[in-house]
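These notes are about the structure you will find just below.
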Amino acid sequence: MPIVAYRLLVLGVTTLAVVAPLSLVIYQSFLTAPFFDPTAKAGFLAYSFVFADPDFWQAFWTTITIAGGMAAIAVPLGALLAFLMVRTDVPGREYLEPLILIPIFVSAVVIAFGYVVAIGPVGIFSTLAKDLLGFVPWNLYSLLALIVIAGLTHVPHVYLYSAAALRGLSTDLEEAARVSGANPFRVAINVSLPMILPAILFAGVLVFFLGFELFGLPLVLGDPQDVLVLSTYLYKLTNKLGVPSYQLMAVVVVAIIAITAPLVFMQRLLLRQAQRYVSVRGKGLKTQPLRLHGWRWFAFGAIMLWLFVTVVVPLFGITLRSFVVTWGEGVRLLNVLTLDHYRELTDYPNVIRGILNTLGIGVIGGAIAVAWYTAIALAVHRWNSGWTRLVDYLVMVPRAMPGLIAGLALLWVFLFVPFLSPLKSTMVSIWLAYTIVWLAYGMRLVSGTLLQVAPELEEAARTAGANDLRVKRDVTVPLIKYGMLASWLLIFLIFVREYSTGIYLLGPGTEVIGSLLVSLWGTGAIDLVSALSVVNVVMIGVGLAVAVRLGVRLHG
Amino acid sequence: MVDLTVKDVALRLGENEILKGVSVVVPAGQVVALLGPSGSGKTTLLRAIAGLETPFRGSIAIGDRVFFDAARGVELPAEQRGLGLVFQSYALWPHRTVFDNVGYGLKLRGVSAEKIKTRVGKTLSQIGLGHLAERYPHQLSGGQQQRVAIARALVYEPPVILLDEPLSNLDAKLREEARAWLRTLIVTLGLSAIHVTHDQVEAMAIADRIVLLDAGLIAQEGAPTALYNEPATLFAAEFMGSNNRLDGKLAENSGGRATLELFGERLFGISRTKAAPGGKATGIIRIERVRCSSTPGPNRLKMELKAPMYLGERWELVFARDTLSVRAYASAPLEPGEHYVEFPSEALWVF
Chain A
45 MPIVAYRLLV LGVTTLAVVA PLSLVIYQSF LTAPFFDPTA KAGFLAYSFV FADPDFWQAF
105 WTTITIAGGM AAIAVPLGAL LAFLMVRTDV PGREYLEPLI LIPIFVSAVV IAFGYVVAIG
165 PVGIFSTLAK DLLGFVPWNL YSLLALIVIA GLTHVPHVYL YSAAALRGLS TDLEEAARVS
225 GANPFRVAIN VSLPMILPAI LFAGVLVFFL GFELFGLPLV LGDPQDVLVL STYLYKLTNK
285 LGVPSYQLMA VVVVAIIAIT APLVFMQRLL LRQAQRYVSV RGKGLKTQPL RLHGWRWFAF
345 GAIMLWLFVT VVVPLFGITL RSFVVTWGEG VRLLNVLTLD HYRELTDYPN VIRGILNTLG
405 IGVIGGAIAV AWYTAIALAV HRWNSGWTRL VDYLVMVPRA MPGLIAGLAL LWVFLFVPFL
465 SPLKSTMVSI WLAYTIVWLA YGMRLVSGTL LQVAPELEEA ARTAGANDLR VKRDVTVPLI
525 KYGMLASWLL IFLIFVREYS TGIYLLGPGT EVIGSLLVSL WGTGAIDLVS ALSVVNVVMI
585 GVGLAVAVRL GVRLHG
Chain V
743 MVDLTVKDVA LRLGENEILK GVSVVVPAGQ VVALLGPSGS GKTTLLRAIA GLETPFRGSI
803 AIGDRVFFDA ARGVELPAEQ RGLGLVFQSY ALWPHRTVFD NVGYGLKLRG VSAEKIKTRV
863 GKTLSQIGLG HLAERYPHQL SGGQQQRVAI ARALVYEPPV ILLDEPLSNL DAKLREEARA
923 WLRTLIVTLG LSAIHVTHDQ VEAMAIADRI VLLDAGLIAQ EGAPTALYNE PATLFAAEFM
983 GSNNRLDGKL AENSGGRATL ELFGERLFGI SRTKAAPGGK ATGIIRIERV RCSSTPGPNR
1043 LKMELKAPMY LGERWELVFA RDTLSVRAYA SAPLEPGEHY VEFPSEALWV F
């Protein structure tokens, strides 16, 4: 097969997979009824209906408030955390890094459930507080709590980009300032901060953007007091009118994408800006970290407190809940310990299928997804052509579609295209949705690996007589093998964690833990939910442990 | 064996025109060095010949096999040109043993496993690495890696072997040994080769002919002796060898002789300019041709010895007068103070 055919095939299939769902959504938004309804006509009826709904505008402003609020919390904390971890002598820095990244890898619904059982009105910590103080000093079901939790759980995202920027910064620059007479604090303010400002700005826009993708947290924490964000508004719309109101949902989806797409584009521009300084790398000298003296343990304590609130409280809560029958005032935990909830899991064939499917989508689906990402990356690798731009933009399209939306759009594709319908109730649909949603992430992982292949190694094979595809097979792919394995592990973690993408595709045969959790939560089966959450966390924990053991970088 | 012909090749990388029309012929069995400072386009020309860069004008052919012809829209991909290329970084595949690195080109040509074994074995023993076949590249020294890279390019007997600064990654001492070894290998095997280098000594040592490039154009080409002894331009004169530069006024210029006026004194030399007398001119003389004397005389300037430097096999002396600084070699150090520095007229070029 000549290289041209290979490129055409890979890019054609990818374009179709990315563009079809989006086009269908846009098409649907301009119909007056669901696309399968013969009475559907073209028109703006759906738009005028949605834009006239005060709930929509309420959800819109709430989303903006939450996204802005969480960015305001996550950006300074994340940047500070990065500075402490990269540049100072905070104790135990080597061990803290994987812990800091946990919130990225644990499903947001699990964290939300954890907060409900830990610090909800009857949560374990709330009852404890009530016993001690006589009242509960916090209210989980408030917009403020939602913003704070969303902000705290997104600190790692800011941390990652700020830390990478700090590490990429040549230490010569800082040392030059030290030698010129600046004290460490002034160096941080006058040299380091301005140099990583573009990266921080990028992270800020990223977090704001992730605010529009929030689904698990507002669904679980906002619901009891009817706080709706755009994604939960969309979710509620499914049941609101009784009949499938696809045209209304499509309008909401278009509205969300109209906000996220520019944000994605902006991130792209900012990322380029942020990488401007990274090229001036130092020689990798181990530099003396900034000594904090007495503040060392204070800083350590602050990091621990953040970890406690963001990781320990919800995970401890959900784990404990899965092992007890009940808790409350006057209940001694030792008397109510039980394994029944785990036994109960096996009573539900769909739950068993969900667990197996989740493992399958992580291990096998993850491998196939990485293979696909690699196929795309190889198609544009060393391709000196304007068409590589197309791939850049293709990758951005699904990035602007939060998982919930991508799942919905794909469901419609399966309903719309007759010969695809049989696949709707198989894991193929889930795999396709996951692979499209994580296209940008996966491509970044694989391209990052490809970047490390020196061009001469491939050119040497060309001059030795190998054609393009042969070079890729004999030289490029063997050289990126380890990088592909690492990508597989990370994609496994992501796929096992994923919950929102599978929600609309959930049905007999397509159960995965994430979407099951959301649907079980709706039925109030808290025992099952907590046990299943722990199963999910354990899977991710094992994956993370393997990744850390193998020395895989946890960020692309 | 056939000649490699490069005709009027011009090439752009992004906005920059790297090659502006270069023509080179590599006769069969000869070694041609592409010499020039960095940015002169020598590596780009080599890559264009190999098929790794695409010119927008000109043609490249070996015998009557056309590799590239912009006018006719012919472009043979790199893998179909059958040339051997040795990279500056060696570019040995780290996931393959020495044997597999060298044997890959044969495997691609459908040679049987048995024949690959004998041919790779033969090539490796030619370069003196027969015992290292099962090693991986990272287990070899820099010099060994460089030989493997050469073996890999030689094994399928390409009509021309292209060498991209193959010695520049070796340290100074090893480089001189490798230079002698490489020249011997090329002569013994009767190879045609293009050797890219920025080191004029290396170019003179290895090549039968030197093509000197400057900013994408050929400044001069010819045998090493011609380039060294009869530079056509100021650039060629300054690039080859170690030189003294004398900036002065052109006093006379006729019949192949020129007179340079400097500090009110006259120095006679070989004319390399067509300019009329009266303008500025530059005299160039190789350091080793400068002589020192204690008495005045023709073509001598009174100068002050500033710093004698001991180089081991000889002394280097730095003389100065106003802004002019002249270097010369001597077998023994001179006393500091005033001396007369002679610029023999048959060794002084006036541009």
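Read top to bottom, the protein sequences are chains A and V. Quick note on the numbering used here: the first sequence kicks off at 45 and runs consecutively. Quick note on the numbering used here: the second sequence kicks off at 743 and runs consecutively. All residues carry an ideal CB built from backbone N, CA and C; glycine is no exception.
Which one or two residues does DSSP pair with S224 (chain A) in a beta bridge?
S224 (chain A) pairs with nothing; no bridge assigned.
DSSP three-state call for H1104 (chain V): helix, strand or coil?
Limits of chain V in this structure are 743 at one end and 1093 at the other, which puts residue 1104 (chain V) out of reach.
If you run the structure through DSSP and keep just helix, strand and coil, what is L336 (chain A)?
Reduced to three states, the DSSP call for L336 (chain A) is coil.
Could you check the C-alpha separation between E1084 (chain V) and C1034 (chain V) for me, to the nearest Å?
In a straight line, the C-alpha of E1084 (chain V) is about 6 Å away from that of C1034 (chain V).
Thinking C-beta only, is D941 (chain V) closer than 7 Å to Q772 (chain V)?
No.
Note down, in chain order, each residue of its chain lying with its Cβ closer than 6 Å to the Cβ of L307 (chain A), except the 5 sequence neighbours on either side.
Closer than 6 Å at Cβ, skipping near neighbours: F253.
Is it buried or exposed for R443 (chain A), if we count other Cβ within 10 angstroms and need 16 for buried?
Classification for R443 (chain A): buried.
Identify whether Y417 (chain A) lies in helix, strand or coil by the three-state DSSP scheme.
Reduced to three states, the DSSP call for Y417 (chain A) is helix.
Locate the alpha helix (DSSP H) running through Q886 (chain V), then write down its first and last residues.
Taken as a continuous stretch (DSSP letters only), the alpha helix (DSSP H) holding Q886 (chain V) covers G884 to L896.
How would you call H337 (chain A), buried or exposed, if buried means at least 16 neighbouring beta carbons within 10 angstroms?
Counting Cβ neighbours within 10 Å, H337 (chain A) comes out exposed, since fewer than 16 surround it.
What residues in the stretch 428 to 439 of chain A have a beta carbon less than 8 Å from any beta carbon of chain V?
Listed by position along the chain: nothing, the set is empty.
Would you say V519 (chain A) reaches chain V, if we count a Cβ-Cβ gap shorter than 7 Å as a contact?
So yes, V519 (chain A) belongs to the interface.
Give the single residue among V:A893, V:R823, V:A1070 and V:A875 whose Cα lies nearest to the Cα of M1051 (chain V).
Of V:A893, V:R823, V:A1070 and V:A875, the residue nearest in Cα terms is V:A1070.
Would E500 (chain A) count as contacting chain V if we go by Cβ distances under 7 Å?
True, the Cβ-Cβ gap to chain V drops below 7 Å.
From the DSSP output, in three-state form, read off V1068 (chain V) for me.
Strand at V1068 (chain V).
Distance, Cα to Cα, D175 (chain A) vs P262 (chain A)?
Roughly 29 Å between the two C-alpha positions.
Quick check: I191 (chain A) and G113 (chain A), are their CB atoms within less than 7 Å of each other?
Going by C-beta atoms, I191 (chain A) is nearer than 7 Å to G113 (chain A).
Are the C-beta atoms of A510 (chain A) and some chain V residue less than 7 Å apart?
Closer than 7 Å to some Cβ of chain V, the Cβ of A510 (chain A) qualifies, so yes.
In terms of alpha-carbon separation, which member of A:F149, A:P268 and A:A116 lies closest to A591 (chain A)?
It is A:F149 whose Cα lies nearest to the Cα of A591 (chain A).
Shorter than 7 Å from the beta carbon of P522 (chain A) to some beta carbon of chain V?
For P522 (chain A), the answer is yes, since a Cβ of chain V falls inside 7 Å of its Cβ.
Examine chain V for any beta-carbon lying closer than 7 Å to the beta-carbon of R131 (chain A), and answer yes or no.
R131 (chain A) does not count as touching chain V.
Taking the alpha carbon of G763 (chain V) as the point to measure from, which residue in V:V774, V:S782 and V:G756 has its own alpha carbon closest?
Closest by alpha carbon: V:S782.
Under 7 Å between C-beta atoms, does A978 (chain V) make it to chain A?
Closer than 7 Å: no.
Can you list, in chain order, the residues of its chain whose CB lies under 7 Å from that of V556 (chain A), leaving out five sequence neighbours each side?
G398, N401, T402, I405, I474 and G546.
Could you tell me whether any Cβ in chain V is nearer than 7 Å to the Cβ of T507 (chain A)?
It does: the Cβ of T507 (chain A) has a partner Cβ on chain V nearer than 7 Å.
Identify each residue in the stretch 473 to 503 of chain A for which the Cβ-Cβ distance to at least one residue of chain V is less than 9 Å, and report them in chain order.
Taking 9 Å as the Cβ-Cβ cut-off against chain V, the residues of the stretch 473 to 503 of chain A that qualify are A498, P499, E500, L501, E502 and E503.
Any idea what DSSP makes of I802 (chain V), helix, strand or coil?
I802 (chain V): strand per DSSP, three-state reduction.
From this set, A:V249, A:P552 and A:I449, which residue's C-alpha is nearest I108 (chain A)'s C-alpha?
It is A:V249.
DSSP state of Q1061 (chain V), grouped into three classes?
The sequence as given places Phe at residue 1061 (chain V); Gln does not occur at that position. Reduced to three states, the DSSP call for F1061 (chain V) is strand.
So which residues on chain A does G1079 (chain V) lean against when the C-beta distance must stay under 8 Å?
Those do not exist, as G1079 (chain V) stays about 43 Å from chain A at its closest Cβ, beyond 8 Å.
State buried or exposed for A450 (chain A), treating a residue as buried only when at least 16 other CB atoms are found within 10 Å of its CB.
Buried, since its Cβ has 16 or more Cβ neighbours within 10 Å.
Check whether the Cβ atoms of Q102 (chain A) and A294 (chain A) sit closer than 7 Å, and answer yes or no.
Result no, Cβ atoms of Q102 (chain A) and A294 (chain A) do not sit closer than 7 Å.
With respect to the alpha helix (DSSP H) encompassing Y478 (chain A), which residues constitute its N-terminal and C-terminal limits?
Counting along the chain, the alpha helix (DSSP H) containing Y478 (chain A) begins and ends at M471 to V481.
If you follow the alpha helix (DSSP H) that K784 (chain V) is part of, which residue opens it and which one closes it?
From DSSP, the alpha helix (DSSP H) with K784 (chain V) extends over K784 to A792.
State the DSSP-derived secondary structure class of E1088 (chain V), mapped to helix, strand or coil.
Looking at E1088 (chain V) - three-state DSSP - the assignment turns out to be coil, as it is neither helix nor strand.
Taking the Cβ atom as the reference point for each residue, do V54 (chain A) and I420 (chain A) lie within a distance shorter than 7 Å?
Contact: yes.
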